[in-house]
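Presented below is the structure to which this report refers.
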Amino acid sequence: MSRPISIQSDHNPLHKLQQINWGLVILICTIASIGFAALYSAAGGNFDPWASRQIARFFVGVIAMFIVALIDIKWWFRLTWPAYFGGLFLLVIVEVMGHVGMGAQRWIDLGFMKLQPSEMMKIAVVMALARYFNAATIDDMRRIYFLIIPALIILAPVALVMLQPDLGTALMIVMAGAAMFFMAGASIWLFIGAGAAVTAAIPIAWQFIMHDYQKQRVRTFLNPESDPLGAGYHITQSKIALGSGGVQGRGFLEGTQARLNFLPEKETDFIFTLWAEEQGLIGGVLLLVLFGLVFIYGLRIALRSRHNYGRYLALGLCVNFSLYVFINIAMVMGLIPVVGAPLPMISYGGTSMLAALISFGLMMSVNIHYDSKVTR
Amino acid sequence: MKSFRKLARQKSRRARKRNIDHAKVFSRRAFVIGAAQFGLLGVLGGRLAWLQVVHGARYRTLSDNNRIDMKMLAPVRGEIVDRFGVPLAVNNQNFRVLIIPEQAKNLEQSLRSLSKHIELSEKDIQSVLKQAKKTAKFIPIEIKDDLSWEDVARIEVNLPDFPGMSTDVGQRRSYPLGEATAHVVGYVGAVNKEEIGDDPVLSLPGFKIGKTGAEKRFDLDLRGQKGSAEVEVNVAGRQVRELNTRNSRAGDRLMLSLDGELQRFTQERLAKERSATAVIMDAHTGAVYALCSSPAFDPNLFTAGMPADVWEDLLADPAHPLTNKAIAGQYPPASTFKIVSALTGLRTGHINSKRVTHCRGVYNYGKDKFHCWKRGGHGWVDLTKSLAVSCDTFYYELATDVGIGKIAETARMLGLGSALDFDLPEERPGLVPDKQWKMGYNGQSWQPGETIVASIGQGYLLATPLQLAVMTARIVNGGYAVKPWMTKRHLLSRHHFTGNWPKMDVSDKHLAQIKKGLEYVVNHSTGTAKGSKIDDPELAFGGKTGTGQVRRITMAQRRAGIKNEDLDWVQRHHALFVGYAPLKAPRYVCAVVVEHGIGGSLTAAPIARDILLEAQKRNPASVVMEI
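Chains A and B supply the protein sequences, listed in that same order. One gets the numbering used here by counting positions in the first sequence from 1 and adding 38 to each. One gets the numbering used here by counting positions in the second sequence from 1 and adding 271 to each.
Below, the structure written as structure tokens:
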């Protein structure tokens, strides 16, 4: 497994800082700033209660991002399993606490923030799969027995998350995992077969697994006008808000749907709607373009890496991030059912902000240490 | 060994090649993933453009519908006043306390603690709780209205303890004269489903419209025009700011020709009888000065909340207190109709002032016998005497000569048999029968005996007190076809009134001959109403009594000496009187009906005397009514 060219790893942190993707950092700051503006508007032109805390979290998160970025990818490689099993452990903890405490619980109160282990687990699953596939050959990828372990790596947290119950997160983990199977070279037939199996399983899931509120969300999605004041209310109001923005938008702090509270959860899941109501098509497309640039950075970092771990990790995290973006925005536009998923970097919430910044940190670490020797 | 090494090299090369292949696979698949990402971004961008550009206008409207609430502002209802400007219907301030259920922490507890500050019965509390269950939680519910200023102050001071509670001031219709104007002014009430038409103001909670009387007839004028306030509301329906306001326009002030004081006097005078009604109007102009029906009710109860037992009593009362008998009560005109018969005889030339008839107390027509009211008869009777003593036989003979057709024609000319376009919606047309009418009514031909009965105002004939007053007015005003009215605007627009009523086709000589008879009724020693005479010649009045049969006394009863007074109230005769005053220059005419009042001279004439005297004293005609 020797490489033709071997550049000594540079351990000087200053030199490493130079290698950070400063373009990506600027991009992240820009997206985060849009989030701050949206939260400022959501509070009716106030930094309190959301924007100020989100800004503070962002600075903490950015520092964490740089630290993560500067740590050699080898260390992350070695920390993969502890991270994965630590995440699983935390998921079990919330599950137990949820049973002991009152009803469903998805977070652990750390005092300064409420940590959602499922958000961190998404990163850990990507790391674990990247590590597992790191040494895999194409032949390995075509052996079905070889794929049993990575399947379990995905399904263990999925099972725990579904217990919460959080179908949206579970589906995202599955989709991110499937993407990693795909990039690592799994047979196309596997996906076709899995797709067929899922299609066959939908009626069963509907009957036995899905909760009533989840079924209601799907029903409402299929026909939102059927229940305009009930479950369809969210999506109807969101579409009204988006549409009323027009090309120019209603203007900053002028979005009536959000300001007068017709738009539900405007500071969290429906924040894209608030942004697009006030900034119109121009602002909405701008945000989509910024996200697209982030994807390009992710792809570039993955393609530049000379080790599989880095490739899979960077692209896996990129896919993970884009899934967030797609699911959230598609949801607020009424393209898919409402599944409580935040818009990363924009929605108010500590865990998703931290998870996104740590993901970027890992991606930057891959970029800086693109040529590190990652061994088993 | 060599081959082993070769094998190993081959394997390693293959492995390296595989590794390179693997990297290629990754690049390819990464490209697929990237393409998918950008494809999905494109879908999102397209969807955004679809919502914001293609359907932008529609969603903009929906957004405005969400936030902009058009609040209607109720107009203030116009006042109703009498000819002197004295208020008959006004709007009083009505202090209310309201509560918004969603803002109250515990609705029942709030109400209970409120009952420590103001009087609040258990029934009131239960009704609020019941209503709270029915309506949306953010709609205010009226807890109690008609609060005193002290109550309001007490609530205001304690308002911080009552979340969701508020006081406000509304308008409540009030009728200062109460029972006296109950029928003529009418009352307002809540809009019911059938009445909600085009005017959106009617759907305002608590909006009231005229239900009877002038309140109903002139509702559109009195109602005014709604204003509107465009307000921005949040999702909870709470007002955030006002965008645009257009003030409401108060309803018109309505002046009626009534003399409120005369109206009150008349009502009180009528109240001495079990059931009675009276109209006083101007013989020349047609202006109605008083229009009363007794028993009445307190119209204020309709706006303040009618106790159930009072309502039950009103419905059950055989004297029909809810009916305006002056215009909706249809009675046989009885002997007052002799005015019509007499005029018919004069116009057709069948009688003149000298023509006499001998009354033996019974008139034979074929094998039928028709009795005069006076057993033994009146002897020789001329026109004047026929009216003064109210001889029936005189008219039996006259009717046989002229026939029903001519009688009906005169009756209609004098205002009977059809509605008079009066200013109240409850007006009834009465009935003047003739051959044609009877054919249509029961398909039978007219019998000569029916003409005989009609000549003394019995049989099919029906007239309202208002019609009888008009009939009298047209005789005593010199033969002008006056019509009754209460509002000048209506008079001008509806009757096309140009200052004079049209002259009817009657000779002044004939009218004078009838008037002489009417004068004798009260002022001659033989007159049926001589007991009611006003001694002051300046104020003296004339008129005609009438006694309407409700139930025929059988021959057996008559022989047994049973008089009308001995019968049950509902079986007694109606008492009627039509009158005018003063004798020399008639100005005021009146019609009085006392239901089951036994006899016109006994109960109706004294009332006519009193109200004509009061009308002349007050002389409302001396004040020209403004429009």
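Cβ atoms here follow ideal geometry from the backbone N, Cα and C, with glycine treated the same way.
Close Cβ partners of A/Leu361 (< 7 angstroms) along its chain, the five nearest in sequence each way excluded: Stepping through the first sequence from its first residue, residue 361 of chain A is reached at position 323. These residues qualify, in order along the chain: Met210, Met213 and Ala214.
Bridge-paired residues (DSSP) for B/Asn362: Position 91 of the second sequence, counted from the first residue, corresponds to residue 362 of chain B. B/Arg444.
A/Gly284, enclosing beta strand (DSSP E) - first and last residue: Working through the first sequence from its first residue, we reach residue 284 of chain A at position 246. From DSSP, A/Gly284 is part of no beta strand (DSSP E); its letter is neither H nor E.
Same chain, Cβ closer than 7 angstroms to A/Tyr408, neighbours up to 5 away in sequence not counted: For the purposes of this step, residue 408 of chain A is identified with residue 370 of the first sequence, where counting begins at 1. Only Arg342, Ser343, Arg344 and Gly348 meet the Cβ criterion.
Please name the residue, chosen from A/Gly73, A/Ala393, A/Thr311 and A/Ser225, that lies closest to A/Trp88 on a Cα-to-Cα basis. Here residue 88 of chain A refers to the residue found at position 50 of the first sequence. Of the listed residues, the one whose Cα sits closest to A/Trp88 is A/Gly73.
Quick one: using the 10 Å Cβ neighbour count with 16 as the cut-off for buried, is B/Ala682 buried or exposed? Here residue 682 of chain B refers to the residue found at position 411 when the second sequence is read from its first residue. Counting Cβ neighbours within 10 Å, B/Ala682 comes out buried, since at least 16 surround it.
Test item: CB-CB of B/Arg618 and B/Leu685 under 8 angstroms: Here residue 618 of chain B is taken as the residue at index 347 of the second sequence, counted from 1. Here residue 685 of chain B is taken as the residue at index 414 of the second sequence, counted from 1. Taking 8 angstroms as the Cβ cut-off, B/Arg618 and B/Leu685 do not qualify as a contacting pair.
Along the chain, where does the beta strand (DSSP E) that runs through B/Met341 open and close? Here residue 341 of chain B corresponds to residue number 70 of the second sequence, with the count starting at 1. Unbroken beta strand (DSSP E) run through B/Met341: Ile339 to Leu344.
Quick check on DSSP: helix, strand or coil for B/Asp694? Numbered from its first residue, the second sequence carries residue 694 of chain B at position 423. In this structure, B/Asp694 counts as coil in the three-state DSSP scheme.
Would you report the Cα separation of B/Ala546 and B/Pro566, rounded to the nearest angstrom? Reading the second sequence from its first residue, position 275 is the one you call residue 546 of chain B. Reading the second sequence from its first residue, position 295 is the one you call residue 566 of chain B. The identity of residue 546 of chain B in the sequence shown is Ser, whereas the question assumes Ala. Near 6 angstroms, if we compare the C-alpha coordinates of B/Pro566 and B/Ser546.
Chain A within 8 angstroms of B/Arg318, Cβ atoms only: For the purposes of this step, residue 318 of chain B is taken as the residue at position 47 of the second sequence. So, interface residue.
Which ranges would you report for the alpha helix (DSSP H) in the segment 730 to 818 of chain B if only whole runs of at least 4 residues count? 736 to 747, 759 to 765 and 779 to 794
Under 9 angstroms between beta-carbons, which chain B residues line up against A/Phe219? List them in chain order, please. Counted from its first residue, the first sequence places residue 219 of chain A at position 181. By Cβ distance, chain B contributes nothing, its closest Cβ being about 10 angstroms from A/Phe219, past 9 angstroms.
Distance between B/Val324 and A/Leu319 (C-alpha atoms, nearest Å): Along the first sequence, one-based indexing puts residue 319 of chain A at 281. Along the second sequence, one-based indexing puts residue 324 of chain B at 53. Spanning the two alpha carbons is a distance of roughly 8 angstroms.
Could you have a look at B/Lys834 and say whether DSSP puts it in helix, strand or coil? Numbered from its first residue, the second sequence carries residue 834 of chain B at position 563. Looking at B/Lys834 - three-state DSSP - the assignment turns out to be coil, as it is neither helix nor strand.
Name, please, each residue of chain B whose Cβ falls closer than 9 angstroms to the Cβ of A/Asn299. Residue mapping note: residue 299 of chain A aligns to position 261 of the first sequence, counting from 1. Result: Asn505, Val506 and Ala507.
Figure out for me which residue from B/Gly317, B/Val352 and B/Lys295 has the closest Cα to the Cα of A/Ala368. Your numbering for residue 368 of chain A matches position 330 in the first sequence. Per the Cα distances, B/Gly317.
Considering just the uninterrupted stretch of the beta strand (DSSP E) at B/Gln510, what are its terminal residues? Residue mapping note: residue 510 of chain B aligns to position 239 of the second sequence, counting from 1. Gln510 to Arg517 is the span of the beta strand (DSSP E), which, as asked, contains B/Gln510.
Residues in the same chain with beta-carbon distance under 8 angstroms from B/Tyr751, minus the five sequence neighbours each way, listed in chain order, please. The residue labelled residue 751 of chain B in the question sits at position 480 within the second sequence. Answer for B/Tyr751: His555, Arg745, Asn771, Trp772, Pro773, Lys774 and Met775, listed in chain order.
Euclidean distance between Cα positions of B/Gln380 and B/Pro431: The residue you call residue 380 of chain B lines up with position 109 of the second sequence. The residue you call residue 431 of chain B lines up with position 160 of the second sequence. Approximately 15 angstroms, taken between the alpha carbons.
Let's test the definition: count the other Cβ atoms within 10 Å of the Cβ of B/Pro471 and tell me whether it reaches 16, buried, or not, exposed. Numbered from its first residue, the second sequence carries residue 471 of chain B at position 200. B/Pro471 comes out exposed.
At a Cβ threshold of 8 angstroms, is B/Leu927 touching chain A? This structure cannot speak to residue 927 of chain B, because chain B is shown only from 272 to 898.
When DSSP labels each residue in this structure, what does A/Lys411 get in the three-state scheme? Against the first sequence, residue 411 of chain A aligns to sequence position 373. A/Lys411 falls in the coil class under three-state DSSP.
One or two residues paired with B/Gly498 in a DSSP bridge: As a first step, residue 498 of chain B must be located in the second sequence, where it is residue number 227. According to DSSP, B/Gly498 bridges with B/Leu344.
Nearest to A/Glu315 by alpha carbon, out of A/Glu292, A/His53, A/Glu303 and A/Ala194? For the purposes of this step, residue 315 of chain A is taken as the residue at position 277 of the first sequence. Ranking A/Glu292, A/His53, A/Glu303 and A/Ala194 by Cα distance to A/Glu315 puts A/Glu292 first.
Could you name the residues of chain A that B/His454 contacts, counting a contact when the two beta carbons are closer than 8 angstroms? One-based indexing of the second sequence puts residue 454 of chain B at position 183. Per Cβ cutoff of 8 angstroms: no residues; B/His454 is ~48 angstroms from chain A at best.
Any idea what DSSP makes of B/Ser893, helix, strand or coil? Position 622 of the second sequence, counted from the first residue, corresponds to residue 893 of chain B. In the structure shown, B/Ser893 sits in a helix (DSSP, three-state: H, G or I).
When you compare the CB positions of B/Ala917 and B/Lys497, do they come within less than 8 angstroms of one another, or not? The structure shown does not extend to residue 917 of chain B, since chain B spans only 272 to 898, so no value can be given for it.
When we look at the beta-carbon of A/Asp177 and count the other beta-carbons within 10 Å, is it buried (16 or more) or exposed? In the first sequence, counting from the first residue as 1, residue 177 of chain A sits at position 139. By the 10 Å Cβ count, A/Asp177 comes out exposed.
Applying a beta-carbon distance threshold of less than 7 angstroms, which residues of chain A neighbour B/Val347? Translated into positions along the second sequence, residue 347 of chain B becomes position 76. Residues of chain A passing the Cβ test: none, with the nearest at roughly 32 angstroms.
Cutoff 8 angstroms: A/Ile278 Cβ touching any chain B Cβ: Counting from one through the first sequence, the residue named residue 278 of chain A turns up at place 240. Output row for A/Ile278: interface = yes.
If we define contact as Cβ-Cβ less than 8 angstroms, is A/Lys212 a contact residue for chain B? Position 174 of the first sequence, counting from 1, holds the residue named residue 212 of chain A. Reading the sequence as shown, one finds Val at residue 212 of chain A and not Lys. No, A/Val212 lies away from the interface with chain B (no Cβ there is under 8 angstroms from its Cβ).
Compare the C-beta of A/Gln317 against all C-beta atoms of chain B and say whether one is closer than 8 angstroms. The residue given as residue 317 of chain A occupies position 279 in the first sequence. Not an interface residue.
Can you find a CB in chain A that lies within less than 8 angstroms of the CB of B/Ile410? Numbered from its first residue, the second sequence carries residue 410 of chain B at position 139. Judged by the 8 angstroms Cβ criterion, B/Ile410 is not in contact with chain A.
Contact defined as beta carbons within less than 8 angstroms: I believe B/Gly728 pairs with B/Ser606. What is the distance between those atoms, to the nearest angstrom? Stepping through the second sequence from its first residue, residue 728 of chain B is reached at position 457. Stepping through the second sequence from its first residue, residue 606 of chain B is reached at position 335. With 8 angstroms as the limit, B/Gly728 and B/Ser606 qualify as a contact, their Cβ atoms being about 6 angstroms apart.
Would B/Asn337 pass as a contact of A/Ile278 if the rule is Cβ separation under 8 angstroms? Mapped onto the second sequence, residue 337 of chain B falls at position 66. Mapped onto the first sequence, residue 278 of chain A falls at position 240. Yes, the pair counts as a contact, with Cβ atoms nearer than the cut-off.
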